[in-house]
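Participant:
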Amino acid sequence: MSTEIAAKKRLTTSAMIASIAAEGQPTKPAPFGHALASLAEQRQDIVGLSADLSKYTDLHIFAKAHPERFYQMGMAEQLLMSAAAGMAREGFTPFATTYAVFASRRAYDFICMAIAEENLNVKIVCGLPGLTTGYGPSHQATDDLAIFRAMPNLMIVDPCDALEIEQAVPAIAAHPGPVYMRLLRGNVPLVLDRYDYRFQIGKAQVLRGGRDVLLVSSGLMTMRALEAAEQLHKDGVDVSVLHVPTIKPLDEQTILAEARKPGRLVVTAENHSIIGGLGEAVAGLLLRNGVTPTFRQIALPDAFLDAGALPTLHDRYGISTQAVAAQIKAWL
Amino acid sequence: MTAVPTHNEAPSLAARARNIRRHALRMGQVQGQGYVGQALGAADLLAVSYFHALRLDPSDPDWEDRDRFYLSIGHYAIALYAALIEAGVIPEQELETYGSDDSRLPMSGMAAYTPGMEITGGSLGHGLGIAVGACLGLKLKGSSSWVYNLLSDGELNEGSTWEAVMSASHWKLDNLIAIVDVNNQQADGHSSEVLGFEPIVERWASFGWYVQRVDGNSLEQLVTAFDQARAHQAAQPRVIICDTRMGKGVPFLENRDKTHFIRVDENEWALALEALDAGSQA
């Protein structure tokens, strides 16, 4: 597949601030930054901290609107998380931003012991989750869900698009306790406005029904799932898409109810390693409850991934719309 | 002095320090072990913190206007419990439960367990960073409370401590007082040999802190240092480097071959209490 693409057009590594939107796709700029700045108008307890990545996590929008509540902590992720804990101790609701790799790998102990163990009200919002940069393993957080799912008290949210990010910001701020949210930033695709959708913490929602396949997805993979379902529909395959924006705690009731419906192949799709993410969470849930449909996982391989252009990499590792549709077809 | 303690200083600081040592030894006796070497060494700086410097209300450990005292060195919990018992935050009879199942006094200090234990320590290198955030938060609220953070020479090994040292200076946190207990002992031996910390005064000063170094077992020097730290006018964080002697107050423990964990035999706890009392009366 990659050779085919290379023959068509020479693709280059996208810039760090590049959008993941496809050409012509509707987008909204910096939904996180705008939503937080707007929320902070009503809530004086909101503060924002970043470890030298405010421009790259859209927090600069908040910083510009509320400079007195923005804290530049420098390129020091351990301090970022400890200081956020300290501010939460004093009654504030800190939003701490960096890249997902740095939060999950470098600052893990600080999130665990300074924030989660004391159940402090810190919101950790991180750019470049999974495979959303072509910079290679130093910046690709393909393991963040696996790392964070085992942390007690920590809620994990993986929004799909600009609409969901806008709705998730006030929702996670209203939730008492620590939250890790994966962030899509820059010009973020707008998809869910066509589905009469409203984000609810802890709720999985069926975005479209279908008789042949139940596709359980989170984050940007829900976009891909919806597009793949459209394509498969043309081929006579009826795909249902269950969007699971809260990875932890999982909406067990909805997932079990959907997976129990007979005669459907169950496929999970996630922008994360095949180890320790949504797929394994769903598989474990189904097995523990004696629900055993034919089950398949669409996820990134257990490997340090290549550098390169995102469309190339998404095709290569099976998370592009084409690759999702092709895998499902092959399994039927 | 810029802060007015809400308590009087009678009994004397010397009596307070002796009582803190007594409580710690009694907890060690209950459990048959414990970081009593550190507790005996830090008793004087805790006496000055709790009975001279800190604003606190023993009946309301979460009082909004209190000064915060962050213990990042979780294994010093026995020392802080002793101080909190002496301050009346924890009832004295509760020391009998030290380290027992379901006790509010676990071996390593955790915020959820113990009134007056502000943060969960133990994973070293966290406390000063949390203190930076709390100081920023207090300033944003317009609060005049101080944040004290007791850390150790061993904790200076942690890179995260230096992230916080740099940040506190950057933000001109003049509501932060770090206290470094320098007993030159850590898990694998003398701190100076494990990872040298000198020149400790120059290091902190070069990061922009107001530095004082005192004999951490001299109540007089400690009182002066805490007063000067609070009275200091420049917009910068303050640090008091306290050279302490592990086992202080119990001569046979002071002179014992030291490690991170001082060995005390079963029959020695009573002897240690006797030696402490004899020394204080002398």
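Chains Y and F are the protein sequences, given in the same order. Mapped onto my numbering, the consecutive letters of the first sequence carry residue numbers 1111 to 1442. Mapped onto my numbering, the consecutive letters of the second sequence carry residue numbers 381 to 662. Beta carbons: idealized from backbone N, C-alpha and C, even for Gly.
DSSP beta-bridge partners for F:N529?
Facilitator: Start at 1 with the first residue of the second sequence, and residue 529 of chain F comes out as number 149. Note: F:N529 sits in a beta bridge opposite F:Y450 and F:A558.
Participant: Starting from F:T604 and walking both ways along the alpha helix (DSSP H), at which residues does that stretch end?
Facilitator: Translated into the one-based positions of the second sequence, residue 604 of chain F becomes position 224. Segment L599 to A611, the alpha helix (DSSP H) holding F:T604.
Participant: Between which two residues does the alpha helix (DSSP H) holding Y:H1424 run?
Facilitator: Numbered from its first residue, the first sequence carries residue 1424 of chain Y at position 314. Taken as a continuous stretch (DSSP letters only), the alpha helix (DSSP H) holding Y:H1424 covers L1420 to R1426.
Participant: My guess is that Y:I1408 and Y:V1376 are in contact by the Cβ rule of under 8 Å, so how many angstroms apart are they, rounded?
Facilitator: Indexing the first sequence from 1 puts residue 1408 of chain Y at position 298. Indexing the first sequence from 1 puts residue 1376 of chain Y at position 266. In fact, because the Cβ distance is near 11 Å, the residues do not count as touching under 8 Å.
Participant: Taking the alpha carbon of Y:G1237 as the point to measure from, which residue in Y:A1193, Y:K1165, Y:G1287 and Y:V1326 has its own alpha carbon closest?
Facilitator: Numbered from 1 along the first sequence, position 127 holds the residue referred to as residue 1237 of chain Y. Looking at the Cα atoms, Y:K1165 is the closest of the given residues.
Participant: Contact check, F:L656 vs F:R398 under 8 Å by CB: the rounded distance?
Facilitator: Numbered from its first residue, the second sequence carries residue 656 of chain F at position 276. Numbered from its first residue, the second sequence carries residue 398 of chain F at position 18. Sure, about 7 Å apart at Cβ, within 8 Å.
Participant: To the nearest angstrom, how far is the alpha carbon of Y:Q1310 from that of Y:M1333?
Facilitator: As a working mapping, residue 1310 of chain Y is identified with position 200 in the first sequence. As a working mapping, residue 1333 of chain Y is identified with position 223 in the first sequence. Computed Cα separation, rounded: 18 Å.
Participant: Would you kindly work out how many angstroms separate the C-alpha atoms of Y:A1173 and Y:A1213, rounded to a whole number?
Facilitator: Within the first sequence, the letter at position 63 stands for residue 1173 of chain Y. Within the first sequence, the letter at position 103 stands for residue 1213 of chain Y. Going from the Cα of Y:A1173 to the Cα of Y:A1213 covers about 20 Å.
Participant: Which residues of chain B have a Cβ atom closer than 7 Å to the Cβ of Y:M1223, listed in chain order?
Facilitator: As a matter of chain content, chain B is missing from the structure shown, whose protein chains are Y and F.
Participant: Apart from the five residues on each side of it in sequence, which residues of its chain come closer than 7 Å, Cβ to Cβ, to F:E535?
Facilitator: Position 155 of the second sequence holds residue 535 of chain F. Excluding residues within five positions, the ones whose Cβ falls inside 7 Å are S452, I453, L504, G505 and T541.
Participant: Enumerate in chain order the residues of its own chain whose CB-to-CB distance from Y:A1224 is below 7 Å, with the five nearest sequence positions on each side excluded.
Facilitator: Along the first sequence, read from residue 1 onward, the residue named residue 1224 of chain Y stands at position 114. M1191, S1192 and A1195, listed in sequence order.
Participant: With distance defined between alpha-carbon atoms, name the residue in Y:Y1307, Y:A1367, Y:Y1290 and Y:N1381 nearest to Y:P1359.
Facilitator: Numbered from its first residue, the first sequence carries residue 1359 of chain Y at position 249. Checked all of Y:Y1307, Y:A1367, Y:Y1290 and Y:N1381; the closest Cα to Y:P1359 is Y:Y1290.
Participant: By how many angstroms is the C-alpha of F:L393 removed from the C-alpha of Y:E1178?
Facilitator: Your numbering for residue 1178 of chain Y matches position 68 in the first sequence. Your numbering for residue 393 of chain F matches position 13 in the second sequence. About 42 Å.
Participant: Report back the beta-carbon spacing between F:H664 and F:L485 to the nearest angstrom; my notes put them in contact at under 8 Å.
Facilitator: Summary: the structure shown does not reach residue 664 of chain F, with chain F confined to residues 381 through 662, and so no result is reported for it.
Participant: Return no unless some Cβ of chain F is closer than 8 Å to the Cβ of Y:Y1209.
Facilitator: The residue labelled residue 1209 of chain Y in the question sits at position 99 within the first sequence. No, its Cβ sits nowhere closer than 8 Å to a Cβ of chain F.
Participant: Indicate whether Y:Y1209 and Y:H1249 have their beta-carbon atoms separated by less than 8 Å.
Facilitator: In the first sequence, counting from the first residue as 1, residue 1209 of chain Y sits at position 99. In the first sequence, counting from the first residue as 1, residue 1249 of chain Y sits at position 139. Yes. Within cutoff.
Participant: At the 8 Å Cβ level, is F:K552 part of the contact set with chain Y, yes or no?
Facilitator: To locate residue 552 of chain F, count along the second sequence from 1; it is residue 172. No, no contact with chain Y.
Participant: Is it the case that the segment 1324–1331 of chain Y contacts the segment 1365–1385 of chain Y, given that we only count it when at least three CB pairs across the two stretches are under 8 Å?
Facilitator: They touch, by the three-pair rule.
Participant: Mapping DSSP to helix, strand and coil, what is F:P385?
Facilitator: If you number the second sequence from 1, residue 385 of chain F lands on position 5. Note that F:P385 scores 46 on pLDDT, short of 50, meaning its location in the model is unreliable; the coordinates nonetheless yield the value given after this. Residue state, collapsed to three classes: coil.
Participant: What residues from chain F crowd round Y:S1129, counting only those whose CB sits closer than 9 Å?
Facilitator: Residue numbering aside, residue 1129 of chain Y sits at position 19 when the first sequence is read from its first letter. Chain F residues near Y:S1129: none, gap ~32 Å exceeds 9 Å.
Participant: Using a Cβ-Cβ cut-off of less than 7 Å, give me the residues of the segment 526–555 of chain F that come near chain Y, in sequence order.
Facilitator: Under the 7 Å Cβ criterion, the segment 526–555 of chain F contributes S540, E543, A544 and S547.
Participant: Of all the options Y:S1160, Y:A1186 and Y:P1247, which has the alpha carbon lying nearest to the alpha carbon of Y:D1412?
Facilitator: The residue given as residue 1412 of chain Y occupies position 302 in the first sequence. Residue Y:P1247 is the option with its Cα nearest to Y:D1412.
Participant: Quick one, which of Y:D1162, Y:S1124, Y:L1146 and Y:R1292 has its alpha-carbon nearest Y:G1387's?
Facilitator: Taking the first residue of the first sequence as position 1, residue 1387 of chain Y is located at position 277. Answer by Cα proximity: Y:R1292.
Participant: Tell me which residues share the same chain as Y:E1337 and place their Cβ nearer than 6 Å to its Cβ, disregarding the 5 neighbours each side in the sequence.
Facilitator: As a working mapping, residue 1337 of chain Y is identified with position 227 in the first sequence. If we look at Y:E1337 and ignore the five residues flanking it on each side, its Cβ neighbours are T1431.
Participant: Give the straight-line distance between the Cα atoms of Y:A1226 and Y:L1442, rounded to the nearest whole angstrom.
Facilitator: For this step, residue 1226 of chain Y is matched to residue 116 along the first sequence. For this step, residue 1442 of chain Y is matched to residue 332 along the first sequence. Taking the straight line from one Cα to the other gives about 42 Å.
Participant: Report all residues from its chain with a CB closer than 6 Å to the CB of Y:I1234; omit the five preceding and five following residues, and keep chain order.
Facilitator: In the first sequence, counting from the first residue as 1, residue 1234 of chain Y sits at position 124. The answer, listed in chain order, is A1206, A1213 and Y1290.
Participant: Can you look up F:R406 in the DSSP assignment and give me helix, strand or coil?
Facilitator: Locating residue 406 of chain F in the second sequence gives position 26, where the first residue counts as 1. In this structure, F:R406 counts as helix in the three-state DSSP scheme.
Participant: Is any beta-carbon of chain Y found at less than 8 Å from that of F:L485?
Facilitator: The residue labelled residue 485 of chain F in the question sits at position 105 within the second sequence. So, not an interface residue.
Participant: Please confirm if Y:S1164 has its CB atom under 8 Å from at least one CB of chain F.
Facilitator: The residue labelled residue 1164 of chain Y in the question sits at position 54 within the first sequence. No, no contact with chain F.
Participant: Within 10 angstroms of the Cβ of Y:L1397, are there 16 or more other Cβ atoms? Answer buried if so, exposed if not.
Facilitator: As a position in the first sequence, residue 1397 of chain Y is number 287, starting the count at 1. So Y:L1397 ends up on the exposed side.
Participant: Tell me the DSSP secondary structure of Y:I1429 in three-state form.
Facilitator: Residue numbering aside, residue 1429 of chain Y sits at position 319 when the first sequence is read from its first letter. The answer is coil: DSSP assigns Y:I1429 none of H, G, I, E or B.
Participant: Applying the criterion that 16 or more other CB atoms from any shown protein chain within 10 Å of the CB defines a buried residue, is F:P579 buried or exposed?
Facilitator: Counted from its first residue, the second sequence places residue 579 of chain F at position 199. Under this definition F:P579 is an exposed residue.
Participant: When DSSP builds the beta bridges, which residues end up paired with F:G569?
Facilitator: Locating residue 569 of chain F in the second sequence gives position 189, counting from the first residue. DSSP, once it has assigned bridges, lists F:Q566 as partnering F:G569.
Participant: Answer with buried or exposed for F:N357, where buried requires no fewer than 16 other C-beta atoms within 10 angstroms of its C-beta.
Facilitator: Since the first residue shown for chain F is 381 and the last is 662, residue 357 of chain F is missing from the structure and cannot be characterised.
Participant: Name, going along the chain, the residues of the segment 447–463 of chain F whose beta-carbon falls closer than 7 Å to a beta-carbon of chain Y.
Facilitator: Listed by position along the chain: nothing, the set is empty.
Participant: What does the alpha-carbon distance come out to for the pair F:T382 and F:H612?
Facilitator: The sequence position of residue 382 of chain F within the second sequence is 2, counting from 1. The sequence position of residue 612 of chain F within the second sequence is 232, counting from 1. Only weak support is given to the placement of F:T382: the predicted model assigns it a pLDDT of 40, under 50, and the question is left unresolved by the model.
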